[in-house]
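Let me begin by presenting the structure, written as structure tokens, before commenting on it.
In the working numbering, the protein residues as written are 22 to 145.
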């Protein structure tokens, strides 16, 4: 049986957007409350009974949260444009080092109904 355990973390961060639509509020520094969900997919380890040691995943997510929380996203060197798509890919790149069976990273803003998910390794 394949399992999909998931963990979620929250962070608050500021950014600017350089969009093709000239919207003044997005060009100014503004902030959001974000939620990131990380999903692992796999068979349980015969010894532990889990697809991943959740304490390893917790530790990694706390590091990633610390790298994002109360930060200006534009200043994070390896993030790229400060978009939700870039956030999902950035979290993927950081977490996959301790979680080879990573399945999905989803980033949401609490103020929006939409979400951006990152699957697989393409484009990471």
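C-beta: ideal position from N, C-alpha, C; glycine also.
**Q.** Residue nearest to residue 58 in terms of C-alpha spacing, selected from 83, 96, 91
**A.** Taking the chain shown and counting its residues from 1, one reaches residue 58 at position 37. The shortest CA-to-CA distance from residue 58 to any of 83, 96, 91 is the one to 83.
Q) What is the DSSP secondary structure of residue 25, counted as helix, strand or coil? A) One-based indexing of the chain shown puts residue 25 at position 4. In the structure shown, residue 25 sits in coil (DSSP, three-state: anything other than H, G, I, E or B).
Q) What does residue 35 pair with, by DSSP beta-bridge criteria? A) On the chain shown, position 14 is the one that residue 35 refers to. Answer is 52, 93.
Q: Going by CA-CA distance only, name the one from 87, 22, 37, 90 that's closest to residue 62.
A: Locating residue 62 in the chain shown gives position 41, counting from the first residue. Of 87, 22, 37, 90, the residue nearest in Cα terms is 22.
Q) With a Cβ-Cβ cutoff of 8 Å, do residue 109 and residue 36 count as a contact? A) As a first step, residue 109 is located in the chain shown; it is residue number 88 there, counting from the start. As a first step, residue 36 is located in the chain shown; it is residue number 15 there, counting from the start. The answer is no: Cβ separation not under 8 Å.
Q | Straight-line gap, residue 94 to residue 100 (C-alpha atoms, nearest Å) | A | Taking the chain shown and counting its residues from 1, the one referred to as residue 94 is at position 73. Taking the chain shown and counting its residues from 1, the one referred to as residue 100 is at position 79. Their backbone Cα atoms lie some 8 Å apart in a straight line.
**Q.** 8 Å Cβ cutoff met for residue 56 and residue 86
**A.** Here the question's residue 56 lines up with position 35 in the chain shown. Here the question's residue 86 lines up with position 65 in the chain shown. Contact flag unset, no.
Q: Kindly give me the distance between the Cβ atoms of residue 81 and residue 128, rounded to whole angstroms, as I take these residues to be in contact under 8 Å.
A: Translated into the one-based positions of the chain shown, residue 81 becomes position 60. Translated into the one-based positions of the chain shown, residue 128 becomes position 107. Incorrect: roughly 16 Å between the Cβ atoms, too far for contact.
Q. In the structure shown, what three-state DSSP assignment does residue 117 receive?
A. Reading the chain shown from its first residue, position 96 is the one you call residue 117. Note: residue 117 maps to coil in three-state DSSP.
(Q) Per DSSP, what are the beta-bridge partners of residue 81 in this structure? (A) Mapped onto the chain shown, residue 81 falls at position 60. Under DSSP, residue 81 takes part in no beta bridge, so it has no partner.
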